[in-house]
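Shown next, in structure tokens, is the structure this report addresses.
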Ligand SMILES: [Zn+2]
């Protein structure tokens, strides 16, 4: 049960101070001097910056080792090394994806993340175990976190017989998004695998999110095939390209032609802004009208040891990777983990307007730019109308 609440003296995105009235889990009023209904609980915001709940747009909580003893990483240099290394590790590690994903998701919540898109591995060795672990975590947090779970064929879909049936089962059992991976470099048969991916999506009425790490001409070729299918099947607004490294590694003219098609089809880009890969630039995406949003990718897993469950910290990395330094540019960076992520992932009822779900984050910072750069512990986190964290810790 959410309880009604009046939060006094907070500054939305750094603007003038207002009070926020929360009723039935939603924002019921927001303005200067909101009259407190009799008997309502109130919180003193002390002039803190007010942000909507933060959004993690691309992560893999099912395979994280968050809260487990340190994993010694000795993985090889290529993406296939990481995929094969992970499968070998899983064969002996007795990984508890429900416990680990819950530990990580709880720390995300403490840092103000109230919505998330996570990709659960599906393959012929683990079957649906990681999906089931993730769905348990989603169930445990259902009242306070809106979690989208993608069925993600990490090792490939059509190149590994049996995976398509598992994906089909995953979508029947609660996965809400059809995931995909490098149609050429991993799958080896881009037309066949993309036809299978989009067939799953249309059969189940689900959106698509494809992890496209391929660079240069190969990635541009795969992206073209994805956009063709998006148009042919009328899936405007229902397709996300994660990573899209090709858009950071082809000539600007070719990139802009692809971005123009993506804008027309409302295909969004999820970026994790890695330093080690050619990323699509936020300024180019904004200029083309393409929604770009942010995520951590895996946190503390066998792929890599980095990452923190804090979307202000991830926003800082996006700003850094994109060479952004002006305060107005850091506003765009925050959008990657707030409004743009809501748009790209189709989260509803999101924002700081009356009627939106009361997902509220109070940060001790003067401006959005300071919040992104400093990422202080969250003073207060309200999720779906209930206080879930104070001073960076769950209550
Ligand atoms: Zn990923």
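Residue numbers (the working numbering): 42 to 436. C-beta: ideal position from N, C-alpha, C; glycine also.
Report task. Ignoring anything shorter than 3 residues or poking outside the region 81 to 140, list the beta strand (DSSP E) runs there in chain order. Result -> 82 to 93, 95 to 100
Query raised in the report: According to the Cβ coordinates, are residue 378 and residue 402 closer than 7 Å?
Result: Translated into the one-based positions of the chain shown, residue 378 becomes position 337. Translated into the one-based positions of the chain shown, residue 402 becomes position 361. In this structure, residue 402 does not lie closer than 7 Å to residue 378 by Cβ.
Query - ligand 1 heavy atom lying under 6 Å from the CB of residue 103 - result: If you number the chain shown from 1, residue 103 lands on position 62. No, ligand 1 has no heavy atom inside 6 Å of this Cβ.
Requested in this report: Return the CA-CA distance between residue 345 and residue 116, expressed in angstroms with no decimal places.
Outcome: What you label residue 345 is simply residue 304 of the chain shown in a count that begins at 1. What you label residue 116 is simply residue 75 of the chain shown in a count that begins at 1. Looking at the two C-alpha atoms, the distance is approximately 9 Å.
Requested in this report: Please go through the region 194 to 281 and give each complete beta strand (DSSP E) segment of 3 or more residues, from N-terminal end onward.
Outcome: 218 to 222, 249 to 253
Report task. Helix, strand or coil for residue 395, going by three-state DSSP, please let me know. Result -> Position 354 of the chain shown, counted from the first residue, corresponds to residue 395. Coil at residue 395, not helix or strand.
Query raised in the report: Around the Cβ of residue 42, are there at least 16 other Cβ atoms within 10 angstroms (buried) or fewer (exposed)?
Result: Here residue 42 corresponds to residue number 1 of the chain shown, with the count starting at 1. Only weak support exists for where residue 42 lies, its pLDDT of 48 falling under 50; the value from the coordinates is given anyway. Residue 42 comes out exposed.
Query raised in the report: Should residue 338 be listed as close to ligand 1, given that the test is whether its C-beta is under 6 Å from any heavy atom?
Result: In the chain shown, counting from the first residue as 1, residue 338 sits at position 297. True, at least one ligand heavy atom lies under 6 Å from that Cβ.
Report task. Would you be able to state if there are at least three C-beta pairs under 8 Å between the region 393 to 409 and the region 196 to 212? Result -> no
Query raised in the report: Can you list, in chain order, the residues of its chain whose CB lies under 7 Å from that of residue 193, leaving out five sequence neighbours each side?
Result: Sequence index remark: in the chain shown, residue 193 carries index 152 (1-based). Once the five neighbours on either side are set aside, the close Cβ partners of residue 193 are 160, 161, 162, 163, 220.
Report task. For the alpha helix (DSSP H) holding residue 368, just list the boundary residues, first then last. Result -> Counting from 1 along the chain shown, the entry for residue 368 is found at position 327. Element bounds for residue 368: 368 to 377.
Query raised in the report: Taking DSSP as the reference, what is the three-state secondary structure of residue 299?
Result: For the purposes of this step, residue 299 is taken as residue 258 along the chain shown, with counting starting at 1. DSSP places residue 299 in helix when its eight states are reduced to three.
Query raised in the report: Hey, how far is the Cα of residue 120 from the Cα of residue 185?
Result: If you number the chain shown from 1, residue 120 lands on position 79. If you number the chain shown from 1, residue 185 lands on position 144. Between residue 120 and residue 185, the C-alpha separation is close to 35 Å.
Report task. In the DSSP assignment, find the alpha helix (DSSP H) that holds residue 359 and state where it starts and stops. Result -> Residue numbering aside, residue 359 sits at position 318 when the chain shown is read from its first letter. Residues 352 to 362.
**Report entry** Straight-line gap, residue 363 to residue 52 (C-alpha atoms, nearest Å)
**Finding:** For the purposes of this step, residue 363 is identified with residue 322 of the chain shown, where counting begins at 1. For the purposes of this step, residue 52 is identified with residue 11 of the chain shown, where counting begins at 1. Whole-angstrom Cα-Cα distance: 27 Å.
**Report entry** Top-ranked residue by Cα proximity to residue 291, from 268, 310, 321, 267
**Finding:** Working through the chain shown from its first residue, we reach residue 291 at position 250. Of the candidates 268, 310, 321, 267, the one whose C-alpha sits nearest the C-alpha of residue 291 is 321.
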